[in-house]
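*Asks:* Heads up: the sequence shown is residues 9 to 487, going by the working numbering.
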Amino acid sequence: MDSQQFREYGKAAIDFIADFYDNIREKDVLPSVEPGYLIKKLPEDAPEEPEDWKAVFKDFTDNIVPGVTRWQSPQFHAYYPTGTSFASIVGSLLCDGLGVVGITWMASPACTELEVVTMNWFGKLLGLPEEFLNSSPGPGGGVIQGSASEATLVCLLAAKDKMIRRLQKLNPDLDEDLTKIKFVAYTSDQCNSSVEKSGVLGSMKMRLLKADSSGRLRGETLKRAFEEDKAKGLIPCYVVANLGTTGTCAFDPLYELGPVCQKNDVWLHVDAAYAGAAFICPEYRHLMKGVEYADSFDINAHKWLLVNFDCSAMWVKDGYDLINAFDVQRIYLEDVKGDLKIPDYRHWQMPLGRRFRSLKLWSVLKIYGAEGLRRHIRGQISLAQHFTKLVQADNRFIVEPEPAMGLVCFRLVEGDYLTKKLLENLIEKKQIFMVGASCKGRFIIRMVICSQFTTVQDVEVSWKLVKDEADNIVNSDRL
Ligand code: PLP
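(1) Nearest by alpha-carbon distance to residue 218: which of 429, 233, 12, 88 is it?
(2) Can you tell me where the beta strand (DSSP E) holding residue 14 begins and where it ends?
(3) What beta strand (DSSP E) runs, 3 residues minimum, are completely inside the stretch 81–155?
(4) Since residue 312 is in the alpha helix (DSSP H), which residue starts that stretch and which ends it?
(5) Is residue 442 buried or exposed, if buried means 16 or more other CB atoms sit within 10 Å of its CB?
(6) Is the shortest distance between the beta-carbon of residue 20 and the beta-carbons of chain C less than 8 Å?
(7) Does the pairing of the stretch 293–310 with the stretch 318–333 give three or more beta-carbon distances under 8 Å?
(8) Let's see if you can read the secondary structure: which residues bound the beta strand (DSSP E) around residue 271?
(9) Provide the residue(s) that pair with residue 256 in DSSP beta bridges, ordered along the chain.
(10) Can you tell which of 239, 388, 367 has its C-alpha closest to the C-alpha of residue 460?
(11) State the DSSP-derived secondary structure class of residue 442, mapped to helix, strand or coil.
(12) Closest by CA to residue 450, which one among 221, 390, 289?
(13) Assign residue 337 to buried or exposed, taking buried as 16 or more other Cβ atoms, counted over all protein chains shown, within 10 Å of its Cβ.
(14) State buried or exposed for residue 5, treating a residue as buried only when at least 16 other CB atoms are found within 10 Å of its CB.
(15) Any idea if residue 11 is buried or exposed, counting beta-carbon neighbours within 10 angstroms, 16 or more meaning buried?
(16) Below 7 Å, is the gap between the Cβ of residue 253 and the nearest heavy atom of ligand 1?
(17) What residues match up with residue 232 in a beta bridge as DSSP calls it?
(18) Would you list the residues sitting across from residue 453 in a DSSP beta bridge?
(19) So which of 272, 393, 202, 257 has the shortest CA-CA distance to residue 2?
(20) Sort out for me which residues DSSP pairs residue 274 with in a bridge.
(21) Please return the same chain residues whose Cβ sits closer than 7 Å to the Cβ of residue 172, not counting the five positions on each side in sequence.
(22) Measure from the alpha carbon of residue 21 to the alpha carbon of each residue in 68, 117, 146, then state which is nearest.
(23) Would you say the beta carbon of residue 316 comes nearer than 7 Å to a heavy atom of ligand 1?
(24) Flag residue 279 as yes when its Cβ comes closer than 7 Å to any non-hydrogen atom of ligand 1, and as no otherwise.
(25) Can you list the alpha helix (DSSP H) stretches of 4 or more residues lying completely in the stretch 184–224, in chain order?
(26) So, under 8 Å CB-CB, residue 196 and residue 250 are touching, yes? Tell me the CB distance rounded to an integer number of Å.
(27) Can you tell me whether residue 461 is helix, strand or coil according to DSSP?
(28) Between residue 367 and the rest of its own chain, which residues show a CB-CB distance below 6 Å, the 5 nearest in sequence each way excluded?
(29) Given this structure, state the Cα-to-Cα distance separating residue 411 from residue 440, to the nearest angstrom.
(30) Measuring from the CB of residue 88, is there a heavy atom of ligand 1 at a distance below 7 Å?
(31) Measure the alpha-carbon distance for residue 61 versus residue 282 and round it to whole angstroms.
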């Protein structure tokens, strides 16, 4: 493929994407395909001979697109949003177009430095304490990870290293291997699966402590767990607090957990993957009260902030905690002597290679501006409030718990069986997509405002789909 063909193929792709979004309401949110549909359709071996881009593109539109779930459909209300925007798509294109890997500063100075700048911008927009920022006099700073899962694991591994160093200072004869197996991590039983998985991957026992009736991990619960474990000779090492749990968007009180961690020299990581985006609006910052106790903090810009996957923004108060844990040198990686202000980001993450991910964050921050992003967040929350009112006006439904951010959880008064049936039937019809969760032992349906294209009318369409299906099942159950 030469540059002329690239121009043609690229333009066709851009037109396709623009049309895809212009017509996003025309197709069902869930595709009408059976498992294995594409594997059966495509040849078993890669083509021997090159194909013309037009044939390749036709293969894409005819075979691949029909199996795509429309995450950006206004009737996609499952999980949490995955961000996209034209600004971010162009940022991704430029990243791929430049084709650089930022393993050291010299490997692409702009790749390192734009990440420093955008992470300072972003951290300030969120109102994070200064110590987290590279622009502060201290050793703090931000880095873009691929996912919140990676951020949780990176910090778990760094916490492990930091704890061993601390204990070795107190006792230079300490047996590292025998000590590490005593380390324990803690989070709430409402945590995202990735938090529990970080314990599996990082070989640290992870205790899922019982959240209170509002889904929050309380300071007293954490304190008791530390005491129990210390009495058994174990060593509390790492805590993951959740700001916006995946099930019901509950917020752990950092101001309770923080002092418990601080007193015990335990690393506190904050997983604010979805809801943290709302902190760009000052009226939601009270939900991160106590953030000054955190050692690390992570938000997925690729969830609610219109940036395409993958862009997980992670800040630490002390970059040396990462460098001490992950610095592995080779001659071929020697670079101009950087310091923390121009970080060697390869020490801040798991892989060696790193993409120029800051380009899409930078593009979104510039094209929307802080005010544009705040409008987006506030608009989505007000759409969720509109949906809440529609559900509450129908006495067959209960909204529970209290809606938070863009998430509304609800169930049928008639009980779990019919609530599950309602969700199953809706999914089967493919016009709307939501997933279930549990709250206080009851099955609930989670409805999240996900798409940036969602309007009040779209929310009303979603409600009508739910209401009509409820009419069907509640009536048929009574027959
Ligand atoms: N944490 C929370 C609260 C989440 O809701 C999610 C995903 O929905 C994650 C972590 C995992 O995010 P990622 O896919 O970026 O690893």
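Beta carbons are placed, not taken as given, at the ideal position from N, Cα and C, and that holds for glycine.
Just so we're clear, the structure is a prediction, and the values are computed from it rather than from any experiment.
*Replies:* Per the coordinate set shown:
(1) 233
(2) Segment 11–30 is the alpha helix (DSSP H) holding residue 14; no beta strand (DSSP E) there.
(3) 149–153
(4) 309–312
(5) buried
(6) No chain C appears in this structure, which consists of one protein chain only.
(7) yes
(8) Element bounds for residue 271: not the beta strand (DSSP E) but the alpha helix (DSSP H), 262–271.
(9) Bridge partners of residue 256: none, in fact.
(10) 388
(11) Note: residue 442 maps to coil in three-state DSSP.
(12) 221
(13) By the C-beta density criterion, residue 337 is exposed, having fewer than 16 other C-beta atoms within 10 angstroms.
(14) In the structure as shown, the chain begins at 9 and stops at 487. Residue 5 is therefore absent and cannot be evaluated.
(15) exposed
(16) Of the heavy atoms belonging to ligand 1, at least one sits nearer than 7 Å to the Cβ of residue 253.
(17) Its beta-bridge partners do not exist; DSSP assigns none.
(18) 418, 444
(19) Residue coverage of the chain in this structure runs from 9 to 487, which leaves residue 2 outside it and unanswerable.
(20) Residue 274 is not bridged to any residue.
(21) 184, 187, 188
(22) 68
(23) no
(24) yes
(25) 184–188, 201–209
(26) The beta carbons of residue 196 and residue 250 sit about 6 Å from each other, so the pair counts as a contact at 8 Å.
(27) Judged by DSSP in its simplified three-state form, residue 461 adopts coil rather than helix or strand.
(28) Cβ neighbours of residue 367 beyond the five flanking positions: 99, 102, 103.
(29) 20 Å
(30) Residue 88: yes, Cβ under 7 Å from ligand 1.
(31) Rounded to whole angstroms, residue 61 and residue 282 show a C-alpha spacing of 38 Å.
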